[in-house]
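Just below is one structure, and these are the notes that go with it.
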Amino acid sequence: MRTCLTHYVLLLLLMPFTVSAQQKRHQLPVSSLVSSIDSFYGRMPVEKVYVHIDKPYYSNIDTIWLKAYVLNGGLQSSEQSGLLYTELVNDTGKVVLRQAMPVLLGLSWGQLPLGSFTIPEGAYTLRAYTNWMQNMGEAGFFTRQLYISKTDENAWLVKTGSKTTRNNDGINTEMTMQLTGQDGAPVRLRNLQLKLTGNGSTILKDKMQTDIDGRLSFNFNIPQKANAGSLTLVAEDIEKNGSNDKEKLVIPLNLNIAEEPDVQFMPEGGIAVAGLTGKIGFKAIGGDGRGVNISGVLLDSKGREAAAFQSSHQGMGSFVFTPAAGERYTARVTLPGATKTYSFPEIKPSGITLTVNNIPGRDSILVAVQATADIEAKSGNGYSLIAQSGGKVCHASSFSFKAGSNIINGRIAKNRFPTGVARLTLFDADNRPLAERIIFIDHRDGLNIKLTTGEPHPGDSVAVSINVTDKENRPVQGSLSVAVTDDSQLKADSTNAADITAYMLLQSELKGNIEQPGYYFNNPTTETEINLDNLLLTQGWVAYEWKDIFDISTPQFRAEKAIEVTGVVKRLNTPQAGLKVSLLSTYPMLMRDTVTDSNGRFRFSDLPRIDTAAFMIHTKDKKGKVFEAAVEVDEFTPAHVKKLSVPRLTPWYVNSDSTLLNYNRQNITLQKEMEKVKYPDGIKLNEVIIKAKKVVKGSKNLNGPGNADQVLDEEEMIAAGKMSLYDLLLKKIKGFTIKTLFIENPKTLKKEVIRTFFAVNDKQLRFIFDGVDLDFYVQPEDILTETSYLNFVRRAIDQFTAEDIRGIEILYGGNYTGKYSNSYGNTFTEPEGAIPHATPCWRCVPPRYAYSAYIEITTWSGGSMFSKRKKGAYLYRPMPVSWPKTFYNPKYSAKNNTVNGLRSTIYWEPNLLTDTAGKANFTFYPGKKQRACT
24 MRTCLTHYVL LLLLMPFTVS AQQKRHQLPV SSLVSSIDSF YGRMPVEKVY VHIDKPYYSN
84 IDTIWLKAYV LNGGLQSSEQ SGLLYTELVN DTGKVVLRQA MPVLLGLSWG QLPLGSFTIP
144 EGAYTLRAYT NWMQNMGEAG FFTRQLYISK TDENAWLVKT GSKTTRNNDG INTEMTMQLT
204 GQDGAPVRLR NLQLKLTGNG STILKDKMQT DIDGRLSFNF NIPQKANAGS LTLVAEDIEK
264 NGSNDKEKLV IPLNLNIAEE PDVQFMPEGG IAVAGLTGKI GFKAIGGDGR GVNISGVLLD
324 SKGREAAAFQ SSHQGMGSFV FTPAAGERYT ARVTLPGATK TYSFPEIKPS GITLTVNNIP
384 GRDSILVAVQ ATADIEAKSG NGYSLIAQSG GKVCHASSFS FKAGSNIING RIAKNRFPTG
444 VARLTLFDAD NRPLAERIIF IDHRDGLNIK LTTGEPHPGD SVAVSINVTD KENRPVQGSL
504 SVAVTDDSQL KADSTNAADI TAYMLLQSEL KGNIEQPGYY FNNPTTETEI NLDNLLLTQG
564 WVAYEWKDIF DISTPQFRAE KAIEVTGVVK RLNTPQAGLK VSLLSTYPML MRDTVTDSNG
624 RFRFSDLPRI DTAAFMIHTK DKKGKVFEAA VEVDEFTPAH VKKLSVPRLT PWYVNSDSTL
684 LNYNRQNITL QKEMEKVKYP DGIKLNEVII KAKKVVKGSK NLNGPGNADQ VLDEEEMIAA
744 GKMSLYDLLL KKIKGFTIKT LFIENPKTLK KEVIRTFFAV NDKQLRFIFD GVDLDFYVQP
804 EDILTETSYL NFVRRAIDQF TAEDIRGIEI LYGGNYTGKY SNSYGNTFTE PEGAIPHATP
864 CWRCVPPRYA YSAYIEITTW SGGSMFSKRK KGAYLYRPMP VSWPKTFYNP KYSAKNNTVN
924 GLRSTIYWEP NLLTDTAGKA NFTFYPGKKQ RACT
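Final position of the sequence shown in our numbering is 957; the numbers increase by one with none missing.
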């Protein structure tokens, strides 16, 4: 059973740096540096998010139940943010779902109902962050990979195998595949289109047929420059069987290739200096992004061995090394079946190094600062050492080298730090950072969670008692989230996935992917502590840059304390104080007033629960009259999304095990049972596609709202946001274009342009706003040239954005245009003298050239194009807010309760509270049949 609990950690006191007895410390002022750091964290407090989800993978009919823990750097409830944003990002970097969630006391819970959206099968990333966290960058956001499968009983399964050999052109691969149905029957004699891609290019494209056993074999060559870890094979059914839902298998290939991994060497503190002994960390990464264990030797310029090394975990390790002056080193690395030479960082002839020994089991960390003779000779130079953790300074000291000695040794007690990542930085006298090192302090002070379950009986509920205590066995009060899942459908992975401990203490502090974060915490030993130290030697960390410490500028992203509407009113770019600002909403009915402050700012708070809101904000002067000014609302700007560099997830249908197959089978049965609940009489239409009719509320459509060839409804307008109406038409209306009409000049007998206009499917388009013909506003002088009418229409529609529009209906079919053709004629007349050499104007479109397509645009104001909102008004649509719903937890066996017995998530409680004794209780119903649960 997986549980999560907020653990509060006390912040630490400042301590002096203990210098070895033979050195006399030259005390330099360090208080200003500490003050700057403390001031910075006061202005820019750290914020972290961890999201606990109910299970590791999902189907497209599932709901992702989640709870978010929003904590500060000290792992206490964050007071910065009252809103959290959760996103579901596909493998191309596109956000397919985004919602806001309210945060209270650092906690938030809710759901992402996948069944309410069209979610294609594939790998996704769940991302969560607050607006405030954007100041630190995307590296600090919570992310977790998920695979979402489709629920399809006709889906194929595939078993793959490969054999690779190297040649002069690259890597030759012999690939075998066997396709079967979920019942094990082979997919016989099926024609497939195979496409193999890598690094954005196509390596193989061929048509093949499976044999009588559903097998097929083929060879391909991976070019030398291709990344074997990025290969994807797509196998698509091309049989002409009359079905539109043909199978398509997307298979990430993880080939067993003796690759040449990327090997990097990283000196402790940042640089390797001649004559100074230091630790060298190294890391080897394969083409698939995973660690590769290696061994090797370091060679000097004459080929002599200077050091030997061997990785200890996930391709990482370290060794102690004293570089010689004037030498250049290379690393000869032994790989499976091969040896390769790698470059080594340049050796600096002069410099200062920082060495930190965090020995497991010791009560202090050992610190050594070394310098070359030229630096040591400048004995008057002062240095500072700052150690921080959890957004606080835990240690600060200053010192200088004594003439004749180039090393200063010291120790810092570990009890001055909280459990977690600590960052030690060496500064010069001008507060410039010279060297840095991060370490992990582990006091083994995690929470003790004891579970006691009652005797399970088939068909009955199971009672569970939880007792939470701290390291000193004292009871702990807190809010837990608990998920109980079916072991026959879901596989728990406590090593590869980061729980709240591994994430908050480690993963949230480091950049990039961490393989098996749970490994360092599930069963901590001396070996895991050493391997963790090697990880910190070689992994970048999430932190503010030191230059930001001394920057007192206003943060780019504000902290959103609650669900509220804030902004500023300006006129001629000057904030307007004392103006009345009104906020209106029609659903739900809401009207609020406030007055701008001395800075022209306004705020509407304590708003009711609204999931999808639309607010009209407008201003009035002190006399209550409409005041034309610019209203600016503080709108949320989503964080940039880029494709994450993480190991790829394997689809459930590739080399599936019994657990994954059972999960899919149970989901298929669950979907059928849910349909029975929706349609208890078994009413179901086969082979009939029923499309929900879109309706535009308030439409003046002569055929009735929604009766059109194409309809864009309110939901699509909201999604388009502030997109211009013109861009919206280009993007959403099929066949929307600009067309040019030619006619033969009777004098020259040459074809000349008579008119350029908007068209749909080559049919001239007439614009109707709220039932009013746009041509009604055309003046004779508006069509003096062949492009005049087009420019008139363009100017008109450029006044609008999508948020001004409630819906759009396109009519070009004869069954929809008849009433429009009868009701609207050619409104404007042929202007005399438009073209001097033609009487009458032969360029004017003759009445017989009637409009044959119409666009009915319904605005929110409902009063045609000239009722568009004026200055001093702002239509604000905040991010939809997801309010938590209750997970259905039956307490006993209900009649025909088949659905609950099929669910992979049996129980979910996002807010289970422990009492003053640290205890909490809950019950769950596993179903009629006894089954193992986690």
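We put the beta carbon where it would ideally sit given N, CA and C, even for glycine.
All of these numbers come straight from a predicted model, not from anything done at the bench.
Residue from the options with nearest C-alpha to residue i
i	options	result
LYS603	THR597, ASN596, ARG615 and LEU595	ARG615
SER511	ASP680, PRO284, ASN784 and GLY469	ASP680
GLU176	LYS695, LEU120 and ILE382	LYS695
ASN190	PHE243, GLY541, ASP465 and LEU528	PHE243
VAL507	PHE945, VAL74 and TRP931	TRP931
GLY427	VAL816, ALA394 and VAL795	ALA394
ASN519	LEU797, ARG351 and TYR542	TYR542
ALA91	MET124, ASP61, VAL112 and ASN83	MET124
GLN599	ARG624, THR577, THR617 and ALA146	ARG624
ALA330	LEU772, PHE288 and LYS371	PHE288
THR187	PRO907, LYS754, ASN277 and ASN429	ASN277
PHE424	PHE440, ILE398 and ARG439	ILE398
GLU197	TYR81, THR115 and LEU227	LEU227
GLN733	GLY193, GLY758 and ALA515	GLY758
SER421	LEU449, LEU607 and ALA445	LEU449
ASP465	ALA419, ILE553 and SER504	ILE553
Beta carbon of residue i nearer than 8 angstroms to that of residue j
i	j	result
VAL93	VAL72	yes
GLU70	TRP179	no
THR376	GLY301	yes
VAL592	ALA652	yes
GLY830	GLU737	yes
ILE317	PRO284	yes
VAL654	VAL588	no
ARG211	GLU262	no
PHE440	LEU555	no
THR174	ILE84	yes
MET200	THR183	yes
ASN690	SER82	yes
ARG355	SER324	no
VAL664	VAL74	no
PHE305	GLY340	yes
GLU538	GLN333	no
VAL444	LEU389	no
GLN500	ASP938	yes
Cβ distance (whole Å) where residue i is taken to contact residue j below 8 angstroms
i	j	result
LEU169	LEU149	6 angstroms
VAL181	LEU215	The Cβ separation is near 11 angstroms, so there is no contact.
GLY312	PRO670	5 angstroms
VAL487	LEU474	6 angstroms
PHE580	ASN158	5 angstroms
TYR899	ILE633	In fact, because the Cβ distance is near 12 angstroms, the residues do not count as touching under 8 angstroms.
SER335	ASN557	7 angstroms
GLY941	PRO498	3 angstroms
Bridge partner(s) assigned by DSSP for residue i
i	result
ASP323	Per DSSP, none; premise fails for ASP323.
GLY145	ILE171
ARG455	The partner list for ARG455 (beta bridge, DSSP) is empty, contrary to what the question assumes.
TYR92	TYR73 and LEU130
SER224	GLY221
ARG581	Looking at the DSSP assignment, ARG581 forms no beta bridge with any residue, so it has no partner.
VAL274	The question names Val, but residue 274 is Ile in the sequence shown. DSSP, once it has assigned bridges, lists LEU256 as partnering ILE274.
PHE344	GLY301
LEU377	VAL392
ALA520	Note: ALA520 sits in no beta bridge, so no partner.
MET231	LEU215
Runs of beta strand (DSSP E) wholly within the stretch 172 to 214 (minimum 3 residues, chain order)
If we require 3 residues or more, the beta strand (DSSP E) runs fully inside the stretch 172 to 214 come out as 180 to 190 and 193 to 203.
Just list the alpha helix (DSSP H) runs in the stretch 392 to 457, keeping only unbroken ones of 4 residues or longer that don't cross its boundaries, in chain order.
396 to 399, all fully within the stretch 392 to 457.
Could you tell me which uninterrupted alpha helix (DSSP H) segments, each at least 4 residues in length, are contained entirely in the stretch 524 to 555, listed from first to last along the chain?
Listed in chain order, they are 542 to 545.
What residue ranges within the stretch 823 to 853 form continuous alpha helix (DSSP H) runs of no fewer than 4 residues, ordered along the chain?
837 to 846, all fully within the stretch 823 to 853.
List, from N- to C-terminal side, the alpha helix (DSSP H) runs of 4 residues or more that fit wholly inside the stretch 723 to 770.
For the stretch 723 to 770, whole alpha helix (DSSP H) runs of length 4 or above, ordered along the chain, are 737 to 743 and 748 to 755.
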